[in-house]
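Protein chains: 2
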Amino acid sequence: MSAAEETPGGEDVPWGEVTPEAARRLLVAAVEAFAERGYHATTTRDIAGRAGMSPAALYIHYKTKEELLHRISRIGHDRALEILRAAADGGGTAAERLADAVRSFVRWHAERHTTARVVQYELDALGPEHRAEIVELRRESDATVRRIIDEGVAAGEFDVPDVAGTTVAVLSLCIDVSRWFNTQGRRTPDEVGALYADLVLRMVGAQK
Amino acid sequence: MSAAEETPGGEDVPWGEVTPEAARRLLVAAVEAFAERGYHATTTRDIAGRAGMSPAALYIHYKTKEELLHRISRIGHDRALEILRAAADGGGTAAERLADAVRSFVRWHAERHTTARVVQYELDALGPEHRAEIVELRRESDATVRRIIDEGVAAGEFDVPDVAGTTVAVLSLCIDVSRWFNTQGRRTPDEVGALYADLVLRMVGAQK
DNA sequence: AACGAGGGTGAGCAAGCGCTTAGGGTCGCC
DNA sequence: GGCGACCCTAAGCGCTTGCTCACCCTCGTT
Chain A
70 MSAAEETPGG EDVPWGEVTP EAARRLLVAA VEAFAERGYH ATTTRDIAGR AGMSPAALYI
130 HYKTKEELLH RISRIGHDRA LEILRAAADG GGTAAERLAD AVRSFVRWHA ERHTTARVVQ
190 YELDALGPEH RAEIVELRRE SDATVRRIID EGVAAGEFDV PDVAGTTVAV LSLCIDVSRW
250 FNTQGRRTPD EVGALYADLV LRMVGAQK
Chain B
70 MSAAEETPGG EDVPWGEVTP EAARRLLVAA VEAFAERGYH ATTTRDIAGR AGMSPAALYI
130 HYKTKEELLH RISRIGHDRA LEILRAAADG GGTAAERLAD AVRSFVRWHA ERHTTARVVQ
190 YELDALGPEH RAEIVELRRE SDATVRRIID EGVAAGEFDV PDVAGTTVAV LSLCIDVSRW
250 FNTQGRRTPD EVGALYADLV LRMVGAQK
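Taken in order, these protein sequences are the chains called A and B. Quick note on the working numbering: the first sequence kicks off at 70 and runs consecutively. Quick note on the working numbering: the second sequence kicks off at 70 and runs consecutively.
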């Protein structure tokens, strides 16, 4: 059920669900290129070159450059939503679930910040139907976080005057990690996740 | 000293400092186009067309398309920094100054979200020297916010375990407003500014 | 009336784009 | 060992891109 396959060792293999191997190599190359230069500034020749293939090889596995972006975006959004739902459906108080959601969501946006950058910031490059499909997934992410906050308010754990606005702010804060996070930087994904979980608990007025 | 000229009536005229008028029309057209489609997806023909001119007219006023982006980015960053500094240098407690900074900074990112989107998200499209110049302005924005938080901690107003990390988070939160804010949406720039000022005060543990 | 300067245009160049097509090498399978 | 299925490539088509260039129109000045 997971969006990422696992090795016998047990760790995640990103893009493990993309087969055959040549198609996966192209997709990984596209993620890197899109993250570095943006979708429109990336050429199909560049993608194919990074995957060690000729420009024409791309079109054996994908109909268009936009289909590549869509596949990346779809898989990434599925994974992000899965992470949020796992936290929301976990046990514990609303504060614990919210902290858990933010921690794992932020960690993903930091660790996979190349993927996340494409997923979160290249939405407008998708065609209309593909964009609509992705927008729907985002709505579900929003609803998942909002539900946790709602429950925290109902339980008296949180003090939140504006649930809808706070939900947008929380998600926006987490997503933007993929823009500024740098692997060379001082903080690890775990540290950023912990910091952000703390900040978000403060935003919702959870008592420590 | 203001980055925006004023009419006799007193209200801001954005891009008022750009002359002559034809150059300003082109720049405004470029801001709209870049915000809608992104820098790389925008053609010089599109920019000139929006300004009611032929493609060649653009090159009378700007050497390259990149110079247009740089002018936009430079003016926008100057304005953003000016807003932050005005709040930081204003009177009152650290909490009042921080709330003021967030409120006006967010309001600008919401009101001028087309400009802000270009300014904040098209940094990578700049050439190396131009990018370096803009990165330096961002460092100054960061330092300005950090100073307010530092002072609040020193005065015992705030409780912030990680000042550097919290500064990044606060700026990131504000900047990302330009990505999701929609003029058609339910909230006014003022409302978002007020909400975010409240959220940020909670993040730094300011007592109400 | 002549003129020079500066802001504008129509046409188009060289390069690069997304994508297609004809064909070739390498398999497993009978 | 013959053969079709599957990947992949070299070459290139039609189009768009950023940008240029030769020319022109509209001024204020003399």
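We put the beta carbon where it would ideally sit given N, CA and C, even for glycine. Keep in mind it's a predicted model, so treat the numbers as computed, not measured.
Worksheet item: What residue range is occupied by the uninterrupted alpha helix (DSSP H) comprising residue 101 (chain A)?
Response: Looking up residue 101 (chain A) in the first sequence gives position 32. Taken as a continuous stretch (DSSP letters only), the alpha helix (DSSP H) holding residue 101 (chain A) covers 90-106.
Worksheet entry | Residues near residue 111 (chain A) in its chain [Cβ-Cβ closer than 7 Å; skip 5 each side] | As a first step, residue 111 (chain A) is located in the first sequence; it is residue number 42 there, counting from the start. Excluding residues within five positions, the ones whose Cβ falls inside 7 Å are 102, 103.
Item to complete: Could you give the DSSP three-state label for residue 147 (chain A): helix, strand or coil?
Response: Taking the first residue of the first sequence as position 1, residue 147 (chain A) is located at position 78. DSSP places residue 147 (chain A) in helix when its eight states are reduced to three.
Item to complete: Let me know the secondary structure DSSP gives residue 177 (chain A) once reduced to three states.
Response: Taking the first residue of the first sequence as 1, we reach residue 177 (chain A) at position 108. Three-state DSSP puts residue 177 (chain A) in a helix.
Worksheet item: Near residue 115 (chain A), what residues of its chain come up, given a Cβ to Cβ distance below 6 Å and the 5 sequence neighbours on each side ignored?
Response: As a first step, residue 115 (chain A) is located in the first sequence; it is residue number 46 there, counting from the start. Correct list, in chain order: 102.
Discussion item. Short of 8 Å in beta carbon distance, which residues of its chain neighbour residue 95 (chain A), apart from the five on each side in sequence? Order them along the chain.
Written reply: Reading the first sequence from its first residue, position 26 is the one you call residue 95 (chain A). Same-chain partners within the cutoff: 116, 117, 120, 122, 126, 127, 130, 131, 137.
Discussion item. Can you pull out the residues from the stretch 224-237 of chain A whose beta carbon lies closer than 8 Å to at least one beta carbon of chain B?
Written reply: 230, 231, 234, 235, 237
Worksheet entry | chain A contact for residue 207 (chain B) (CB, 7 Å cutoff) | For the purposes of this step, residue 207 (chain B) is taken as residue 138 along the second sequence, with counting starting at 1. Not closer than 7 Å to any Cβ of chain A, the Cβ of residue 207 (chain B) fails to qualify, so no.
Worksheet item: Which residue comes first and which comes last in the alpha helix (DSSP H) that contains residue 268 (chain B)?
Response: Along the second sequence, read from residue 1 onward, the residue named residue 268 (chain B) stands at position 199. Unbroken alpha helix (DSSP H) run through residue 268 (chain B): 258-272.
Worksheet item: Quick one: does residue 245 (chain B) have its CB under 7 Å from some CB of chain A?
Response: Taking the first residue of the second sequence as position 1, residue 245 (chain B) is located at position 176. Interface residue, yes.
Fill in: Contacts around residue 247 (chain B), its chain only, beta-carbon distance under 7 Å, and the 5 residues preceding and following it disregarded
Along the second sequence, one-based indexing puts residue 247 (chain B) at 178. Closer than 7 Å at Cβ, skipping near neighbours: 178, 182, 185, 186, 189.
Discussion item. Closer than 8 Å between beta carbons: that is the criterion. Which residues of the stretch 174-206 of chain B meet it against chain A?
Written reply: 190, 193, 194
Item to complete: Go through its chain and collect everything with a Cβ distance to residue 236 (chain A)'s Cβ below 8 Å, but skip five positions before and after it.
Response: Counting from one through the first sequence, the residue named residue 236 (chain A) turns up at place 167. Result list for residue 236 (chain A): 211, 214, 215, 218, in chain order.
Worksheet item: What three-state label does DSSP hand residue 275 (chain B) in the structure shown?
Response: By one-based count along the second sequence, residue 275 (chain B) stands at place 206. Residue 275 (chain B): coil per DSSP, three-state reduction.
Worksheet item: Alpha carbon to alpha carbon, how far is residue 274 (chain A) from residue 208 (chain A)?
Response: Residue 274 (chain A) sits at position 205 when you count from the first residue of the first sequence. Residue 208 (chain A) sits at position 139 when you count from the first residue of the first sequence. Straight-line Cα distance between these residues: approximately 24 Å.
Worksheet item: What residues of chain A sit near residue 110 (chain B), judged by a beta carbon separation below 7 Å?
Response: For the purposes of this step, residue 110 (chain B) is identified with residue 41 of the second sequence, where counting begins at 1. Correct list: 109.
Discussion item. Using a Cβ-Cβ distance cut-off of 7 Å, determine whether residue 123 (chain A) contacts chain B.
Written reply: In the first sequence, residue 123 (chain A) corresponds to position 54, counting from 1. For residue 123 (chain A), the answer is no, since every Cβ of chain B falls outside 7 Å of its Cβ.
Worksheet item: How do the stretch 227-235 of chain B and the stretch 219-233 of chain A stand: do at least 3 beta-carbon pairs fall below 8 Å, yes or no?
Response: no
Worksheet item: So, are the CB atoms of residue 176 (chain A) and residue 266 (chain A) less than 7 Å apart?
Response: The residue given as residue 176 (chain A) occupies position 107 in the first sequence. The residue given as residue 266 (chain A) occupies position 197 in the first sequence. Not closer than 7 Å, so no.
Item to complete: Could you name the residues of the same chain whose beta carbon sits closer than 8 Å to that of residue 240 (chain B), not counting the 5 residues immediately before and after it, in chain order?
Response: Taking the second sequence and counting its residues from 1, the one referred to as residue 240 (chain B) is at position 171. Excluding sequence neighbours, residue 240 (chain B) sits near 210, 211, 214.
Discussion item. Need the endpoints of the alpha helix (DSSP H) that residue 234 (chain A) sits in, please.
Written reply: Walking along the first sequence from the start, residue 234 (chain A) turns up at place 165. Looking at the DSSP string, the run of the alpha helix (DSSP H) that includes residue 234 (chain A) is 232-244.
Practice prompt. Determine, using beta carbons only, whether residue 268 (chain A) and residue 242 (chain B) come nearer to each other than 7 Å.
Written response: Here the question's residue 268 (chain A) lines up with position 199 in the first sequence. Here the question's residue 242 (chain B) lines up with position 173 in the second sequence. Not closer than 7 Å, so no.
Discussion item. Does any residue of chain A have a CB that is nearer than 7 Å to the CB of residue 271 (chain B)?
Written reply: One-based indexing of the second sequence puts residue 271 (chain B) at position 202. Yes, residue 271 (chain B) counts as interfacial toward chain A.
Practice prompt. Note down, in chain order, every chain B residue with its Cβ under 8 Å from the Cβ of residue 249 (chain A).
Written response: Reading the first sequence from its first residue, position 180 is the one you call residue 249 (chain A). Going along chain B in sequence order, the residues near residue 249 (chain A) (Cβ under 8 Å) are 237, 241.
Worksheet item: Taking one C-beta from the stretch 146-166 of chain B and one from the stretch 200-207 of chain B each time, how about it: are there three or more such pairs within less than 8 Å?
Response: yes
Worksheet item: Does the beta carbon of residue 268 (chain A) sit closer than 7 Å to a beta carbon anywhere in chain B?
Response: Residue mapping note: residue 268 (chain A) aligns to position 199 of the first sequence, counting from 1. Answer yes: the Cβ-Cβ gap between residue 268 (chain A) and chain B drops below 7 Å somewhere.
Discussion item. Which same chain residues end up closer than 7 Å to residue 124 (chain A) when comparing Cβ atoms and leaving out the 5 residues on each side of it in sequence?
Written reply: Against the first sequence, residue 124 (chain A) aligns to sequence position 55. Excluding residues within five positions, the ones whose Cβ falls inside 7 Å are 113, 114, 117.
Worksheet item: Out of curiosity, what's the CA-to-CA distance linking residue 255 (chain A) and residue 161 (chain B)?
Response: In the first sequence, counting from the first residue as 1, residue 255 (chain A) sits at position 186. In the second sequence, counting from the first residue as 1, residue 161 (chain B) sits at position 92. So the alpha carbons of these two residues sit roughly 33 Å apart.
Worksheet item: Where do the ends of the alpha helix (DSSP H) carrying residue 187 (chain B) lie?
Response: Walking along the second sequence from the start, residue 187 (chain B) turns up at place 118. 182-190 is the extent of the alpha helix (DSSP H) around residue 187 (chain B).
Worksheet item: Considering only residues of the same chain and omitting the five flanking positions on each side of residue 156 (chain B), which have a CB-CB separation below 7 Å?
Response: Here residue 156 (chain B) is taken as the residue at index 87 of the second sequence, counted from 1. Same-chain partners within the cutoff: 166, 169, 170, 173.
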